[in-house]
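Asker:
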Amino acid sequence: MAADSAAKTNIELFQEYAKAWLAQHPAIRTDMTLMVRQLPSTTYGLPVEFYAFASQTEWVAYEQLQSEIFSHLMGIISLFDLKIHQLS
5 MAADSAAKTN IELFQEYAKA WLAQHPAIRT DMTLMVRQLP STTYGLPVEF
55 YAFASQTEWV AYEQLQSEIF SHLMGIISLF DLKIHQLS
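Residue numbers (the numbering used here): 5 to 92.
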């Protein structure tokens with residue numbers, strides 16, 4: 005069976021979702037760079053980088069926002085049939 009070049013992969017769909025979710029978040033600046041991208045694959049998996057700017061620079065608020073973002077994205081990743089891998 006030939007692959008459909010228009011079909012999107014799970015990781016592409018997750019990246020699109022993450023970027024859209026970040027873009028609509030009230031604490032993320034949309035006038036600055038916003039990017040979700042794959043880094044080079046390693047023997048441990050495929051790293052994904054989230055690049056965005058917070059509207060607040062106060063340390064505690066920034067850390068809370070970062071925690072909210074990762075909690076949300078890690079919580080929904082299984083809906084894309086993807087898994088988080090952590091070395092222990």
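Just so it is clear, CB atoms sit at the ideal spot from N, CA and C, and this is done for glycine as well.
Remember, predicted model here, so these are calculated numbers, not experimental data.
The beta strand (DSSP E) spanning glutamate 53 covers which residue range?
Answerer: The sequence position of residue 53 within the sequence shown is 49, counting from 1. Here the beta strand (DSSP E) through glutamate 53 covers 52-55.
Asker: With distance defined between alpha-carbon atoms, name the residue in Ala10, Glu16 and Ala11 nearest to leucine 86.
Answerer: Here residue 86 refers to the residue found at position 82 of the sequence shown. For leucine 86, the nearest C-alpha among the options comes from Glu16.
Asker: Within 10 Å of its beta-carbon, does valine 64 have 16 or more other beta-carbons around it, so buried, or fewer, so exposed?
Answerer: For the purposes of this step, residue 64 is taken as residue 60 along the sequence shown, with counting starting at 1. Exposed, because fewer than 16 other Cβ atoms sit within 10 Å of the Cβ of valine 64.
Asker: Classify alanine 56: buried if its beta carbon has 16 or more other beta carbons within 10 angstroms, exposed otherwise.
Answerer: Translated into positions along the sequence shown, residue 56 becomes position 52. Classification of alanine 56: buried, given that the 10 Å Cβ count is 16 or more.
Asker: Decide yes or no for the touch test of the segment 19-33 against the segment 43-50: beta carbon pairs closer than 8 Å, at least 3 of them.
Answerer: no
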